[in-house]
Amino acid sequence: MRARITAIEASLVVLGTLASACGESSGEGEDEIGSSDTTEASSSESSGETATSDTTGESSDTGDDCPSGLLCGTPAMCCGDAEVCLQGACEAACASGIYCDAGCCDAGQVCLAGVCETPTNPCQDSFDCEVDEFCEPTLDACLPQPGEGPACTFQLPPAPFEPIEEWSWTGSAILPSYDQVLSVPLVVDLDGDEGPEVVIVTHDVGDGACDTGHAYLRALAGAGGAELWAADVDAYADAGRVALCRTPAVGDIDGDGQVEIVAHRFGGGLIAFAGDGSIEWTSTLADGVTPYVGYFAGLATVAIADMDGDGQAEIVSGGTLFDSAGRLLAGLGRETAGGNGFGGPNSIIADIDEDGVQEVVTGTAAYALDGSTTWTNGLADGYTAIADLDGDELPELIVVSAGLVRVHDAGTGALLVQLDMPGVGAGGPPTVEDFDGDGALDFASAVGDSYTIFSFEEPATINVLWSVPTLDVSSSRTGSSIFDFEADGAAEVLYNDECYLRVYDGKTGEQLIQLASSSGTAAQYPIAVDVDGDNNTELVVVSDDKYQINGITPGCPNYMGDEQLRHGVFVYGDKNDRWVRTRRIWNQHSYHITNVQVDGSIPQGEVASWGPEGFNNYRVSAPGNGVLNAADLQVDLAVLLGGVCPDAVILRATVRNEGSQGVEAGVMVEFFAGPDPSGTLIDVLQTQGALLPGQSEILELQVPLMGDPPYAFFVRVDGEEAVDECFEDNNGAAIDDVSCPNIG
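Residue 101 in this note's numbering sits at position 114 of the sequence shown, and the numbers go up by one each step.
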């Protein structure tokens, strides 16, 4: 870990880098400013080497007015030998090139909100960092998140919610008839290349129902959807068949640094695959030899967690528990626990009694790791989620059961309140988040003909915030997930019924989008995740048309125009590039942020999702700290006279980042003849390295002088506004009254 940070630190020292010209001269004004031969510097782009500028030059007749040969400001003034030009004034130079209100920062530091800060741990997202830190995306290291006052942040421009398809997978040459998807898509880096993959369960149109049919796992590249596995892997063999309609779980279950996929095996029991599609184990009884082939009902899900903090994850489906090698630990005969009627088990894992060991929690009971019963409530089973609804730092359990929504004390199972859900149907797994941005948690669930948001208030009361009509007569058990796409404090709802992918405004229930997306509806739901690792969020949804084709569901008679049934996986991005970034992982149906790291590792001693170090939500993709942090690119312009006057001058642009987030290399820097950008464009250079907060980089351009003095020049950084900045009106600098020798 330390070696990685050292390498990052070494990359921060960039003062003196000469950049080569990357644009062509406009050809205008060549009577005063030269064109194709204006740059006198070795190109670090073309040669692969970094040239060091000579700021003193050879002796020349610059006169006694400016012995250093460095001019700065408007009108031009002479700087001293140990000075640089910053904000139009001569200032003491920083050897590190990292300028800050507190003074020069050391190499390896950054300047955040005027304070020199040292990066801490490596990270892939802000959830790898401490709760008061963010993951700096150009550095991949944690930094303190500036407070709201001094933080440089940008505001997303107003625009409609407009998803566009980035890629889709609708079939394969491998097992080509298995193109239907009816479970939650999972996202994880399977092969260790830091690029996520999408894991899906695929079945055939002609296969049987959820209780009897078989399916095959597939792994698709998160960038583009190409299949990861060759046709001869175990996952595509008869021995690797899995049960359809059921959602697997992914994660490093045995602590070996490699991610596994645990699924329901066709014919009963569980099966685990390595990231390359090979079978690692099939479930056994406690002896490790006798096959375990217990039956899990049609919409069953797998959950994983390191329940006792020993570095080895436990695997749960229903009320049964297995170790990381697939050996039964406890719960034989409880395969259907956590179900909602015929819907199959969907139990969750949480430390409800704060003893450091997690329990399996269903709608009717909680079970310890050894299989003993922690509590029962005597009520019908159901789907569950857990959160601190009332702000007392103790968890409540939300249960959706046979058309009722209930809230229990999670530690004891005691019923606090219940409410008949609006509409008709059994209800899907609940989702917990502050939907309306009022600071209080809400929860949501879908039934057969509606989707509803509920609030919980003291004394124990459930209220309906809003409810909207949907269509799910086949299972009436679909789930949903949540993401605040614009980081404005109010979440959006992601839901897919039998006909449409829908996104709702969390405050009002207004439908933001409705896209044709047919489904037989099991317990699956769409997710928001950085599926391709590009630091932009995508929306991932699965579809199938088996049930409509076979007449099991009514179809979608309300489809109009070019709307049609479909099957496969579909990935959408934002047309306006306004969706803030989120994590690159979604590892199971009962997803919650504290359960898994972005690399798929399962934490020892999982932080309570509802506690002060958790995020107090469930089945939610969160933006995390720093998603609105922005750069603030500024530039200073100086003129070097030494060694080139009176035939030419060297324009020195010092590009600085005064913001709260770094920018990658390649920022455009334009040089003009004249006092502003209305003058003649001389050339365009690019920054050669990343610019972290407080960091600077020097670019120099030699310009022949023709015509009569004095001369004026202007430089502008990021004139195309390609970089999101907290300020866009401070990207230029000028110098005038330039002559050889200096007479200013």
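Ideal Cβ positions, reconstructed from N, Cα and C, are used throughout, including at glycine.
Best match in the options for proximity to residue i [C-alpha to C-alpha]
| i | options | result |
| --- | --- | --- |
| residue 144 | 504, 615 and 319 | 615 |
| residue 474 | 524, 512, 302 and 93 | 524 |
| residue 493 | 649, 169, 636 and 454 | 454 |
| residue 325 | 127, 179, 161 and 385 | 385 |
| residue 185 | 162, 154 and 192 | 154 |
| residue 649 | 119, 70 and 129 | 129 |
| residue 562 | 112, 70 and 150 | 150 |
| residue 319 | 435, 545, 354 and 216 | 354 |
| residue 460 | 486, 551 and 84 | 486 |
| residue 522 | 112, 625 and 626 | 112 |
| residue 235 | 630, 133, 218 and 188 | 188 |
| residue 759 | 388, 164 and 197 | Nothing in the structure corresponds to residue 759, since the chain is present only between -12 and 731. |
| residue 657 | 608, 707, 634 and 373 | 707 |
| residue 503 | 284, 619 and 557 | 557 |
| residue 289 | 584, 510 and 541 | 510 |
| residue 232 | 262, 603 and 464 | 464 |
| residue 668 | 651, 699, 163 and 674 | 699 |
| residue 358 | 538, 301 and 162 | 301 |
| residue 574 | 277, 583, 591 and 599 | 583 |
| residue 317 | 283, 64, 272 and 164 | 272 |
| residue 702 | 685, 170 and 293 | 685 |
| residue 599 | 117, 720 and 267 | 117 |
| residue 286 | 328, 267, 259 and 276 | 328 |
| residue 631 | 179, 157, 670 and 692 | 692 |
| residue 291 | 269, 253 and 334 | 334 |
| residue 377 | 447, 340, 315 and 322 | 447 |
| residue 539 | 531, 545 and 577 | 531 |
Spatial neighbours of residue i in its chain, beta-carbon cut-off 6 Å, leaving aside the 5 residues before and after
| i | result |
| --- | --- |
| residue 421 | 428 |
| residue 621 | 643, 645 and 717 |
| residue 373 | 337, 382, 384 and 397 |
| residue 228 | 201 and 253 |
Assumed close pair residue i, residue j - CB separation to whole angstroms, cut-off 8 Å
| i | j | result |
| --- | --- | --- |
| residue 367 | residue 351 | 7 Å |
| residue 424 | residue 365 | The Cβ separation is near 37 Å, so there is no contact. |
| residue 307 | residue 281 | 6 Å |
| residue 402 | residue 395 | 6 Å |
| residue 589 | residue 240 | 7 Å |
| residue 586 | residue 176 | 6 Å |
| residue 456 | residue 432 | Not a contact, Cβ separation roughly 15 Å. |
| residue 613 | residue 121 | 3 Å |
Residues near residue i in its chain [Cβ-Cβ closer than 8 Å; skip 5 each side]
| i | result |
| --- | --- |
| residue 60 | 72, 75, 76, 77 and 722 |
7 Å Cβ shell around residue i - same chain, five flanking residues per side excluded
| i | result |
| --- | --- |
| residue 450 | 441, 442 and 444 |
| residue 763 | Residue 763 lies beyond the residue range present for the chain, which begins at -12 and ends at 731; the question has no answer from this structure. |
| residue 92 | 83, 85, 98, 103 and 681 |
| residue 66 | 55, 57, 59, 72 and 77 |
| residue 528 | 483, 488, 504, 513 and 557 |
| residue -4 | Bear in mind that a pLDDT of 31 at residue -4, under 50, signals an unreliable position, so the number given afterwards is only what the model happens to contain. If we look at residue -4 and ignore the five residues flanking it on each side, its Cβ neighbours are 94 and 95. |
| residue 713 | 139, 140, 141, 617, 619 and 646 |
| residue 533 | 167, 192 and 507 |
| residue 390 | 407, 408, 412, 413, 414 and 434 |
| residue 156 | 207, 212, 555 and 556 |
Residues that DSSP places opposite residue i in a beta bridge
| i | result |
| --- | --- |
| residue 264 | DSSP, once it has assigned bridges, lists no residue as partnering residue 264. |
| residue 597 | None, per the DSSP bridge assignment. |
| residue 407 | 391 |
| residue 238 | 247 |
| residue 725 | 698 |
| residue 327 | BP columns for residue 327 are empty, so no partner. |
| residue 485 | Beta-bridge pairing links residue 485 to no other residue. |
| residue 627 | 57 and 637 |
| residue 442 | 429 and 450 |
| residue 491 | 480 and 498 |
| residue 362 | 353 |
| residue 557 | 155 and 528 |
| residue 418 | 431 |
| residue 259 | 249 and 268 |
| residue 472 | DSSP, once it has assigned bridges, lists no residue as partnering residue 472. |
Quick check on the DSSP output: what are the complete beta strand (DSSP E) runs of length 3 or more inside the region 635 to 716, in order along the chain? With a minimum length of 3 residues, the unbroken runs of beta strand (DSSP E) contained wholly in the region 635 to 716 fall at 635 to 644, 655 to 660, 667 to 673, 683 to 691 and 698 to 704.
Note down, one range per segment and in chain order, each beta strand (DSSP E) of at least 3 residues found wholly within the region 155 to 236. You should have 165 to 168, 173 to 175, 184 to 191 and 201 to 208.
Every unbroken beta strand (DSSP E) inside the region 517 to 550 [3 residues or more]: For secondary structure counted as the beta strand (DSSP E) over 3 or more consecutive residues, the region 517 to 550 holds these complete runs in sequence order: 525 to 530.
Where in the region 69 to 107 do unbroken runs of the alpha helix (DSSP H), each at least 4 residues long, occur, reported from the N-terminal end onward? As far as the region 69 to 107 is concerned, it has no whole alpha helix (DSSP H) run of at least 4 residues.
Secondary structure, beta strand (DSSP E): runs of 3+ residues fully inside the region 111 to 154: Fully enclosed beta strand (DSSP E) runs of 3 or longer: 120 to 123 and 128 to 131.
For a minimum of 3 consecutive residues, which ranges assigned as the beta strand (DSSP E) are wholly contained in the region 284 to 344? Segments of the beta strand (DSSP E) lying fully in the region 284 to 344: 290 to 292, 301 to 304, 307 to 309, 315 to 317 and 335 to 337.
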